[in-house]
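> Quick one: structure below, then a few questions.
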Amino acid sequence: MTTTITLTGAGGQIGYALLFRIAAGDLLGPEEKVRLRLLEIPQGLGAAEGAALELQDGAFGLLEQVEVTDDPAVGFDGADLALLVGARPRGPGMERGDLLAANAGIFGPQGAAIAAHAADGVRVTVVGNPANTNALIAAASADGVPAERFSALTRLDENRARAQLAQTLAVPVDTVRRVPIWGNHSATQFPDVSHATVAGRPVTEALETIVGDVSVWLDETFIPRVAKRGAEIIAVRGSSSVASAANATIEHVRDWVHGTDDWTSAGVVSHGEYGVPEGLISSFPVRAVDGEWRIVEGLEVSEWARSRIDASVAELTEEREAVRALGML
Ligand code: NAD
Ligand code: LMR
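Using full-length UniProt numbering, read the sequence shown as starting at 1 and increasing by one per residue.
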């Protein structure tokens, strides 16, 4: 079988980190052939074409075809998977919300082009920031494509949260599980350890002996560290995260297609779960079953967690209002 994958922003940094892993089979496994469509704007075509030449030189057995274009009709033609990475990244001192207006104009037309040209079962992952609201705009513009087929990347935040916990507890990161992200991929996000386990034991219990007052540590150290990790990376390396973002994108899409054996996190459309207003693309604890994201329901949410979730969801609601005011919804 062959899967057609459209990558927007293919000439950019994350694009470059993604392409070779996709061609090597990291996304869909060693049996599935891939056809790549690299969509760029005219200024990015040279970089995307260069990447296409290098893909050829990689002599990847799974790679059937690579097409580079700046025409969304060609770029999304027959796409089974669309990775919407192309956007303007933030620089030092900017919040992700500052990008709303700059990027709103990209995701509406791309949503419409997906509806018109992609394969019937297309699944869309939005990485470009502000990812949740860009996914909302794309979904709203994709007439006839169910909103459930659009998701926003928050797997990087979850990976960051698990890595911070593993470092604090001095355990292998794989032993830390069930650390969902709620809300927005922004500084208001809520990385939730309430149900997390380390080698089967509650994380909160394991933290007690190491950090003392766990609630203070969560409020003052853990949550800000995870939520502001994107800004930390920008400050240290001078531009936003690349390889870790590409890695999280691979994990997100692979899980969506192949299924999960436990919870993970993704920005998905709300049907009112956990009081999140209907229609918002919010991060939730999810499983992937039969190619669909399913929100993990019935979790106990403490008053403290509730206020954290509400704060991030309020920001998503404000972003939706701002986009409405721009006439993009
Ligand atoms: P980059 O500037 O290196 O690349 C972006 C590319 O997108 C450029 O080549 C540009 O020409 C292209 N582009 C711009 N508009 C386009 C359009 N309309 N169609 C197709 N291509 C277009 O940026 P990057 O470092 O690759 O980051 C890409 C995006 O990913 C940014 O918005 C960044 O903030 C975001 N990001 C998200 C996460 C996450 O966890 N959700 C993590 C890291 C980065
Ligand atoms: C990240 O989390 O690294 C990205 O969203 C980039 C950013 O602007 O923080």
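Ideal Cβ placement from N, Cα and C applies to all residues, glycine included. The structure presented is a predicted model; accordingly, all values stated were derived computationally and were not measured.
Going by C-alpha to C-alpha distance, which of S241, E273 and D157 sits closest to I295?
Numbered from its first residue, the sequence shown carries residue 295 at position 295. The option with the nearest alpha carbon to I295 is E273.
> Between the C-alpha atoms of V276 and A104, what's the straight-line distance to the nearest angstrom?
As a position in the sequence shown, residue 276 is number 276, starting the count at 1. As a position in the sequence shown, residue 104 is number 104, starting the count at 1. When rounded, the distance between both Cα atoms is 22 Å.
> Let me know if V216 comes out buried or exposed under the rule of 16 or more other beta-carbons within 10 Å of its beta-carbon.
Position 216 of the sequence shown, counting from 1, holds the residue named residue 216. Looking at its Cβ environment, which holds fewer than 16 other Cβ atoms inside 10 Å, V216 is exposed.
> If we call anything under 7 Å between Cβ atoms a contact, is S241 one with I233?
Looking up residue 241 in the sequence shown gives position 241. Looking up residue 233 in the sequence shown gives position 233. The answer is yes: Cβ separation under 7 Å.
> Using the rule of at least 16 other Cβ atoms within 10 Å of the residue's Cβ for burial, across every protein chain shown, is N53 buried or exposed?
Against the sequence shown, residue 53 aligns to sequence position 53. Correcting the residue type first, residue 53 is Leu in the shown sequence and not Asn. L53 should be labelled exposed.
> Once you ignore the five residues that flank I137 on each side, which residues in its own chain have a CB closer than 7 Å to its CB?
The sequence position of residue 137 within the sequence shown is 137, counting from 1. Excluding positions up to five away in sequence, the list reads A104, F107, G108, G111, V323, M328 and L329.
> Roughly how many whole angstroms lie between the Cα atoms of S270 and A59?
In the sequence shown, residue 270 corresponds to position 270, counting from 1. In the sequence shown, residue 59 corresponds to position 59, counting from 1. If you take the alpha carbons of S270 and A59, they lie about 42 Å apart.
> With a threshold of 6 Å, establish whether the CB of S241 neighbours any heavy atom of the ligand NAD.
Numbered from its first residue, the sequence shown carries residue 241 at position 241. S241 Cβ: within cutoff of the ligand NAD.
> In the DSSP output, what is S239 paired with across the bridge?
Translated into positions along the sequence shown, residue 239 becomes position 239. In the DSSP output, where bridge partners are listed per residue, S239 has none listed.
> Output the distance between the C-alpha atoms of S239 and P191, rounded to the nearest integer angstrom.
Residue numbering aside, residue 239 sits at position 239 when the sequence shown is read from its first letter. Residue numbering aside, residue 191 sits at position 191 when the sequence shown is read from its first letter. Roughly 23 Å separates the two Cα atoms.
> Who are the near neighbours of A199 in its chain, counting only those whose CB is closer than 8 Å to its CB and skipping five residues on each side?
Position 199 of the sequence shown, counted from the start, is the residue given in the question as residue 199. The answer, listed in chain order, is V171 and T175.
> Once you ignore the five residues that flank R37 on each side, which residues in its own chain have a CB closer than 6 Å to its CB?
The sequence position of residue 37 within the sequence shown is 37, counting from 1. Excluding sequence neighbours, R37 sits near T6, E67 and G75.
> In whole angstroms, what is the alpha-carbon distance linking A51 and A87?
Locating residue 51 in the sequence shown gives position 51, counting from the first residue. Locating residue 87 in the sequence shown gives position 87, counting from the first residue. For A51 and A87, the distance between alpha carbons rounds to 18 Å.
> Who are R294's beta bridge partners in DSSP?
Counted from its first residue, the sequence shown places residue 294 at position 294. BP columns for R294 point to R287.
> Within the same chain, show all residues whose beta-carbon is closer than 7 Å to that of G259, passing over the 5 residues directly before and after it, in chain order.
Mapped onto the sequence shown, residue 259 falls at position 259. The beta carbon of G259 sits closer than 7 Å to the beta carbons of A288 and V289 from its chain, once the five residues preceding and following it are set aside; these are given in chain order.
> For F150, list the residues DSSP reports as bridge partners.
Within the sequence shown, residue 150 is the residue found at index 150, counting from 1. For F150, which the question treats as bridged, DSSP gives the partners V124.
> I think L84 touches G128, with their Cβ atoms under 8 Å apart; what is that distance to the nearest whole Å?
Translated into positions along the sequence shown, residue 84 becomes position 84. Translated into positions along the sequence shown, residue 128 becomes position 128. Right, the Cβ-Cβ distance comes to about 6 Å (below 8 Å), so this counts as a contact.
> According to DSSP, simplified to helix, strand and coil, what is G267?
Position 267 of the sequence shown, counted from the start, is the residue given in the question as residue 267. Strand, per DSSP.
> Is the beta carbon of A131 less than 7 Å from the beta carbon of A152?
By 1-based counting over the sequence shown, the position of residue 131 is 131. By 1-based counting over the sequence shown, the position of residue 152 is 152. Yes. Within cutoff.
> Are G183 and S282 touching if we call contact CB-CB under 7 Å?
Here residue 183 refers to the residue found at position 183 when the sequence shown is read from its first residue. Here residue 282 refers to the residue found at position 282 when the sequence shown is read from its first residue. In contact: G183 and S282 (Cβ atoms closer than 7 Å).
> What runs of the beta strand (DSSP E), each 3 residues or longer, lie entirely inside the UniProt domain "Lactate/malate dehydrogenase N-terminal" (5 to 143)?
33 to 39, 63 to 69, 81 to 84 and 123 to 126
> What residue from R149, G93 and A135 has the CA that sits closest to residue 332's CA?
This structure cannot settle anything about residue 332, because the visible part of the chain is limited to 1 through 329.
> Is R254 helix, strand or coil when you go by DSSP?
Along the sequence shown, read from residue 1 onward, the residue named residue 254 stands at position 254. Helix, per DSSP.
> Count the other CB atoms, across all protein chains shown, that sit within 10 Å of the CB of V122; report buried if there are 16 or more and exposed otherwise.
For this step, residue 122 is matched to residue 122 along the sequence shown. Counting Cβ neighbours within 10 Å, V122 comes out buried, since at least 16 surround it.
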